[in-house]
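Chains L and A are the protein sequences, given in the same order.
Counting in the working numbering, the first sequence tops out at residue 158, every number present.
Counting in the working numbering, the second sequence tops out at residue 316, every number present.
Where a beta carbon is used, it is the ideal one built from N, C-alpha and C, also for glycine.
A quick note: this is a predicted structure, and the numbers were derived from the prediction, not measured.
Step one of this worksheet: look at the structure below.
Protein chains: 2
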Amino acid sequence: MSDHEQPPLPPNSRLSGDALPPVEQHAQQYETVRNAHETELIEDYVELIGDLLRHRGEARAADIASRMAVSQATVSKMIRRLNELGLVTSRPYRSLFLTEEGHKMAETSRARHDIVLHFLRALGVRDNTARIDAEGMEHHVSDETLAIMRRFTEKHQT
Amino acid sequence: MSDHEQPPLPPNSRLSGDALPPVEQHAQQYETVRNAHETELIEDYVELIGDLLRHRGEARAADIASRMAVSQATVSKMIRRLNELGLVTSRPYRSLFLTEEGHKMAETSRARHDIVLHFLRALGVRDNTARIDAEGMEHHVSDETLAIMRRFTEKHQT
DNA sequence: CAAATAGTTTAACCTTGGCTAACAATTATT
DNA sequence: AATAATTGTTAGCCAAGGTTAAACTATTTG
Ligand SMILES: [Mn+2]
Ligand SMILES: [Mn+2]
Ligand SMILES: [Mn+2]
Ligand SMILES: [Mn+2]
Chain L
1 MSDHEQPPLP
11 PNSRLSGDAL
21 PPVEQHAQQY
31 ETVRNAHETE
41 LIEDYVELIG
51 DLLRHRGEAR
61 AADIASRMAV
71 SQATVSKMIR
81 RLNELGLVTS
91 RPYRSLFLTE
101 EGHKMAETSR
111 ARHDIVLHFL
121 RALGVRDNTA
131 RIDAEGMEHH
141 VSDETLAIMR
151 RFTEKHQT
Chain A
159 MSDHEQPPLP
169 PNSRLSGDAL
179 PPVEQHAQQY
189 ETVRNAHETE
199 LIEDYVELIG
209 DLLRHRGEAR
219 AADIASRMAV
229 SQATVSKMIR
239 RLNELGLVTS
249 RPYRSLFLTE
259 EGHKMAETSR
269 ARHDIVLHFL
279 RALGVRDNTA
289 RIDAEGMEHH
299 VSDETLAIMR
309 RFTEKHQT
């Protein structure tokens with residue numbers, strides 16, 4: 001047992017990092033992240049389809065593929081999944097459309113995405129960086145934090 | 159007839175939400191998120207092992223399993239992977255240790271995690287919520303945003 | 001109209017990250 | 001010392017999310 005550089009437990013324990021949280025709380029952190037990962041991609045697809053419909057009038061698989069930088073085969077498979085989940089309707093070789101439920105998810109996701117993006121910009125993050133960070137962060141921001149971000153952005157209007 | 163070329167800049171769709179970013183920029187958002195997902199779990203494991211070593215003096219697979227709320231089999235498989243990646247050394251039934259490279263990754267990850275956590279608290283997010291959000295957000299925060307968060311937290315010391 | 005091009009789907013494959021069940025090794029208890 | 005409990009490994013399973021290659025359908029163009 002190399003007791004080489006064992007931690008000397010500094011008297012001022014604030015020297016490096018926080019203490020370990022209790023096991024149950026710590027476990028809840030990771031579980032919440034795993035849950036978010038399960039819905040993350042679905043949300044991004046549905047949100048993008050909603051955005052394409054709103055801004056372009058139609059949402060084709062090829063557009064999704066190029067905007068997501070993913071193969072068309074990947075999109076095709078995912079569309080089948082979205083269909084099974086009752087989020088989109090699709091006829092072969094036609095534009096996709098959102099179901100009522102899909103539309104609701106798209107709206108919610110877009111609203112959340114916008115709050116995070118606008119918050120980052122209000123903080124002073126450059127636009128391109130803010131867009132990249134928001135795309136990942138959005139799925140891990142609680143309602144509580146979201147509300148605080150929204151208020152912060154309002155107060156810091158430019 | 160997809161958006162191959164530059165966006166024709168729609169007339170006046172300022173009614174709800176932002177405009178669609180150019181295809182390449184949009185694609186970069188999703189690509190960055192996918193890349194982050196590839197390293198995310200590894201970082202969490204290495205960071206947790208580092209924390210256990212620092213606070214407990216040893217890092218056992220069983221502790222990781224309970225703190226991550228995951229089966230021991232899952233941890234065992236992941237440890238083999240961390241070993242192959244040269245991030246940890248392990249002898250059966252003994253504590254794990256970090257390699258030089260693993261130690262470096264643990265430090266970097268912990269520092270980033272702390273910046274995000276402290277930032278959320280400085281923003282006014284309750285501690286438990288901040289911990290949960292930080293666990294997921296940390297992997298999607300750019301260096302630029304991280305620097306801004308650090309400065310913000312310093313300025314808003316309580 | 002025929003041919004070329006663009007869009008979509010399917011099949012076969014891969015890696016990650018979970019799980020359970022069975023077994024093996026170590027450590028603790030009686 | 002024997003047994004029980006804890007800890008760790010292995011095998012086999014699964015779903016998600018990617019890939020290429022090939023086939024099929026629709027649209028555009030010569
Ligand atoms: Mn989004
Ligand atoms: Mn996203
Ligand atoms: Mn972390
Ligand atoms: Mn994390």
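For residue i, which residues in the same chain have their Cβ closer than 6 Å to its Cβ, ignoring the five residues on either side in sequence?
| i | result |
| --- | --- |
| residue 156 of chain L | 122 |
| residue 301 of chain A | none |
| residue 43 of chain L | 109 |
| residue 263 of chain A | 204 |
| residue 308 of chain A | 273 |
| residue 153 of chain L | 118, 119, 122 |
| residue 194 of chain A | 297, 298 |
| residue 164 of chain A | Only weak support is given to the placement of residue 164 of chain A: the predicted model assigns it a pLDDT of 35, under 50, and the value that follows is read from those uncertain coordinates. The answer is none, since no qualifying residue turns up. |
| residue 81 of chain L | none |
Quick one: what's got a C-beta closer than 8 Å to residue i's C-beta in the same chain, skipping five residues either side?
| i | result |
| --- | --- |
| residue 101 of chain L | 86, 87 |
| residue 61 of chain L | 72, 75, 76, 79, 96 |
| residue 214 of chain A | 221 |
| residue 241 of chain A | 247, 248 |
| residue 316 of chain A | 280 |
| residue 94 of chain L | none |
Can you tell me which of the options puts its alpha carbon nearest to the alpha carbon of residue i?
| i | options | result |
| --- | --- | --- |
| residue 294 of chain A | A:177, A:309, A:274, A:265 | A:274 |
| residue 125 of chain L | A:197, A:305, A:291 | A:305 |
| residue 98 of chain L | L:27, L:25, L:48 | L:48 |
| residue 226 of chain A | L:38, L:22, L:139 | L:22 |
| residue 52 of chain L | L:83, L:103, L:29, L:26 | L:103 |
| residue 223 of chain A | L:92, L:28, L:107 | L:28 |
| residue 54 of chain L | A:192, A:240, A:178 | A:178 |
| residue 111 of chain L | L:134, L:70, L:128 | L:134 |
| residue 265 of chain A | A:182, A:192, A:208, A:183 | A:208 |
| residue 25 of chain L | A:285, A:303, A:316 | A:285 |
Beta-carbon within less than 7 Å of residue i's beta-carbon, same chain only, minus the 5 sequence neighbours each way: which residues are those?
| i | result |
| --- | --- |
| residue 130 of chain L | 117, 120, 121 |
| residue 303 of chain A | none |
| residue 192 of chain A | none |
Our contact map puts residue i next to residue j with C-beta atoms below 8 Å; I'd like the distance itself, whole angstroms only.
| i | j | result |
| --- | --- | --- |
| residue 198 of chain A | residue 297 of chain A | 4 Å |
| residue 18 of chain L | residue 272 of chain A | 7 Å |
| residue 32 of chain L | residue 290 of chain A | 5 Å |
Residues from the region 92 to 110 of chain L in contact with chain A, defined by Cβ distance under 8 Å: 110
3-residue-minimum beta strand (DSSP E) runs that sit fully inside the region 51 to 121 of chain L, ordered along the chain: Whole beta strand (DSSP E) segments, 3+ residues: 88 to 90, 96 to 98.
Residues, ordered as in the chain, of the region 17 to 42 of chain L that lie near chain A by beta-carbon distance below 8 Å: 17, 18, 19, 20, 21, 23, 25, 26, 27, 28, 29, 30, 31, 32, 33, 36, 37
Chain A contacts made by the region 124 to 136 of chain L, where a contact means CB separation under 9 Å: 124, 125, 126, 128, 129, 130, 131, 132, 133, 134, 135, 136
Members of the region 198 to 226 of chain A near chain L, C-beta cut-off 8 Å: 202, 209, 210, 211, 212, 213, 214, 215, 224, 225, 226
Near-chain L residues of the region 224 to 249 of chain A - C-beta to any C-beta below 8 Å: From the region 224 to 249 of chain A, only 224, 225, 226, 227, 228 have a Cβ closer than 8 Å to chain L.
Any alpha helix (DSSP H) of 4 or more consecutive residues that is wholly inside the region 124 to 149 of chain L: 127 to 137
Chain L contacts made by the region 298 to 309 of chain A, where a contact means CB separation under 7 Å: Listed in sequence order: 298, 299, 300, 302, 303, 306.
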